[in-house]
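Each residue of the sequence shown is one higher than the one before, starting from 513 at the first, in this note's numbering. Comments concern the structure below.
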Amino acid sequence: MSYRETYAACAADPDTWWMHEAEALDWVKKPSRALFADKAPLYEWFADGEINTCWNAVDRHVEGGRGAQTAIIWDSAVTGQVEKISYSDLRDRTARLAGALQARGIGKGDRVLIYMPMIPETMVAMLACARIGAIHSVVFGGFASPELATRIDDATPKAILAASCGIEPGRIVRYKPLLDAALEISKHQPDLCVIFQRPQEAADLREGRDHEWHAFQKDAPLADCVPVAGNHPAYILYTSGTTGQPKGVVRHTAGHLVAVNWSMKNIYGMKPGDVFWTASDLGWVVGHSFICYGPLVHGNTTVLFEGKPVGTPDAGTYWRVVQDHQVAALFTAPTAFRAIRRDDPEGALIGKYDLSSLRTLFLAGERADPDTIRWAEEKLHRPVVDHWWQTETGWPIAANPVGLEALPVKPGSPSMPMPGYRVEVLDDQGQPLPPGELGAIAIRLPLPPGTLPTLWQAEARFRKSYLEAFPGYYETGDAGYMDEDGYVYIMARTDDVINVAGHRLSTGAMEEVLLSHPDVAECAVIGAADALKGQTPIGLLCLNRGTTRPEAEIVTECVALMREKIGPVADFRKAVVTERLPKTRSGKILRSTMVKLADGEAVKPPATIDDPAILNEIALALGRIGYPAKA
Ligand code: COA
Ligand code: AMP
């Protein structure tokens, strides 16, 4: 079937279409139907079925004769280690950890927080939770203690699984002290912590609360897979919103499995047994869906890579991994390619490796600029597929589904909506706009299986954040347009979220941190264009009257404060002091006008501006920190 036929078949009879796709999985009890709309506009999928994620991701492949196939290839460019784990081995390791957790009273519905780097034990931890119906919440290692504490308080985990450290180029990230500090400030305390001691850094364990990873599991019984309802939360993943309080995106079990399984075959064009490599992090949705669950559910071998696209040791690392592990498809963020291109503009290192196994390159996580796509196509001689999605959706909203049908590529567009996603472009009043006109991108409800049904313990916030602006639709927070052929173009966010090196960050959360500095009276954080990272955050600070301390000192403290409160992932390096901020007459800070100034675009003072003269002051302030940046 062609893409258009498939999309139309799903739109005409979603229930039959999704029930058919659900047959690709093993069920303990088949659902009676696909869509449950009785609580509309809140929807659920396959709610009355019974299923287990770990069974579908691991055990059934062993039962089906794939036990000896490699499930995970761990390639650590920062330690020089490579480890291959078969499906049988993965089942045993997962069942053992699950058994140990069960023995400590952790079971269906209990939350388990995972704060671990890119090592196989992190995937074992995620799958062990899935095995016993515990709900995991993985927290990215680049977040600092206060962010970790916020997530601990929101998810209230019974157990925390962590590693002693992560490894960033040139430095060890000591996770355990960060975890200890988080538990000092969180109100909630877990019953236990289980710590994987990496040889690079042994952590101190706290008697009574902390357990060493291997000792904890020694003699534990192997746990069976526990059936859960189709609408049982598989995991909570926190993502940035407009405020400092992150949103806990909930993923229901069955829809997730159906959606990622469909994506592996139809979007990524994978056959079971193929090697699939997503160069991202397990702490992000991309890592959940396409390092861990998607490839395993679909019977692929997944590459778990600990390293960077450049500097570990050079811009040829990705090509070395493709060659060594016979990677069939690589999925990464455009920023990784910009980094590779910067270090190896001619692509000389690409020629040093045998890339014959590689069929397609997939890019997502941020806007893929046509220039980067062109460079990748030219140097790799392979199709480069941009696709668009979000933590909330869990799988691509728009893509070029090369497994189904390779659509004509239009540079700058992640192609067409995937089955079940009825994408529309709306004006401020919620009216659909004609092709070519820029507006808010919304998806007509219900969203397809695998997408978020709600936010963890925050249904009112879910409704307010996503469903209220355009009744009958899910608001994506992205702005853009669709062309005559139905191709989608994503141009910008409509909220205070910025995207730095494929990492989604909240400028609102950063402003809250800056305001906690005793000398800062008012501030704004904006995302300025960055040739490598897509965007970079810049702080504009107004100081309290009478502050006599040197501005440079305050700026340095603000940069340090951001690292301490949000973490290195915020990548907040530049701030500047200004007398005042541009505002509308009603007092709203004109952030987008400042973004234009930072990006060197022509700025026409908005009609609502209180005092146009201030734009000159802001331009001068930005000039002092090198903006607009020279190309
Ligand atoms: N744990 C702890 N710290 C981390 C971290 C982690 N898992 N990941 C990143 N950091 C730190 C980095 O060490 C860096 O710290 P520093 O300020 O001490 O240098 C800071 O966070 C910013 O990191 P990053 O944005 O990764 O910048 P970089 O300069 O180290 O590397 C790139 C630039 C382009 C190579 C890198 O951003 C990259 O590989 N991007 C791809 C991102 C990606 O895959 N995103 C997933 C979405 S699909
Ligand atoms: P995250 O939830 O971290 O995956 O970030 C999702 C956001 O990243 C989206 O809402 C977009 O703003 C942006 N994004 C992701 N993929 C793309 C893409 N292919 N093109 C443009 N923007 C993208």
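Idealized CB from N, CA, C, for every residue including glycine.
Pairwise C-beta distances place the segment 549-566 in contact with the segment 730-747, as three or more of them are shorter than 8 Å. In the three-state reduction of the DSSP assignment, Gly-760 falls in the strand class, which pools E and B. Looking at the DSSP output, Gly-1051 sits in a beta bridge with Val-1037, Ala-1087. Burial is judged here by how many other beta carbons sit within 10 angstroms of a residue's own beta carbon; Gly-806 has at least 16 and is buried. Contact annotation: the segment 639-658 touches the segment 605-612, with at least three C-beta pairs closer than 8 Å. The alpha-carbon of Ala-918 is positioned some 18 Å away from that of Leu-892. DSSP places Tyr-805 in no beta strand (DSSP E); its state is neither H nor E. If you draw a straight line from the Cα of Ser-698 to the Cα of Val-1032, it is about 26 Å long. DSSP lists no bridge partner for Asn-778.
Taking a contact as a CB-CB distance under 8 Å, the pair Pro-947 and Glu-936 does not count as one, their CB atoms being some 11 Å apart. If you draw a straight line from the Cα of Arg-686 to the Cα of Glu-1076, it is about 13 Å long. Looking at the backbone, the Cα of Ala-766 and that of Pro-960 are separated by about 12 Å. Note: Ala-911 is bridge-paired with Met-928 in the DSSP secondary-structure output.
The residues Pro-681, in chain order, have a CB closer than 7 Å to that of Lys-820 in the same chain once the five nearest residues on each side in sequence are set aside. Residue side-chain check: His-800 keeps its Cβ at 7 Å or more from all non-hydrogen atoms of ligand 2.
Considered as a whole, the segment 800-881 harbours 813-818, 839-844, 872-875 as its complete beta strand (DSSP E) runs of no fewer than 3 residues, in chain order.
For Gln-712, DSSP assigns no beta-bridge partner whatsoever. The three-state reading of DSSP puts Leu-749 in strand, counting E and B together. For Val-1000, the three-state secondary structure derived from DSSP is strand. With respect to Ser-977, Gly-906 sits apart: the two C-beta atoms are not nearer than 8 Å. Each residue's CA atom was taken as its position, placing Ile-1137 and Ala-1131 some 10 Å apart.
Between the alpha carbons of Pro-983 and Gly-799 lies a distance of about 31 Å. Beta-bridge pairing by DSSP links Ala-991 to Ala-952, Ala-1004. Between the segment 867-874 and the segment 826-839 there are three or more C-beta pairs closer than 8 Å, enough to call the two in contact.
For Lys-922, no alpha helix (DSSP H) segment is defined, and its DSSP state is neither H nor E. By the Cβ-count criterion, Asn-912 is buried, with 16 or more other Cβ atoms from all chains shown falling within 10 Å of its own Cβ. Within the same chain, and ignoring the five residues on either side of Gly-654 in sequence, the residues whose Cβ sits closer than 6 Å to its Cβ are Gly-1079, Pro-1080, Val-1081. If you draw a straight line from the Cα of Gly-877 to the Cα of Ala-1021, it is about 20 Å long. A distance criterion of 7 Å places the beta-carbon of Asp-1083 in contact range of ligand 1, judged by its closest non-hydrogen atom. The Cβ atoms of Val-650 and Gly-756 lie no closer than 8 Å to each other. The segment 580-588 and the segment 693-708 do not touch, with fewer than three beta-carbon pairs separated by less than 8 Å. DSSP places Ile-1126 inside the alpha helix (DSSP H), whose first and last residues are 1126-1136.
Taking a 10 Å sphere around the C-beta of His-573, we find 16 or more other C-beta atoms and assign the residue as buried. Between the segment 855-867 and the segment 1058-1074, the count of C-beta pairs closer than 8 Å stays below three; the two stretches do not touch.
The Cβ atoms of Glu-1024 and Cys-1054 lie no closer than 8 Å to each other.
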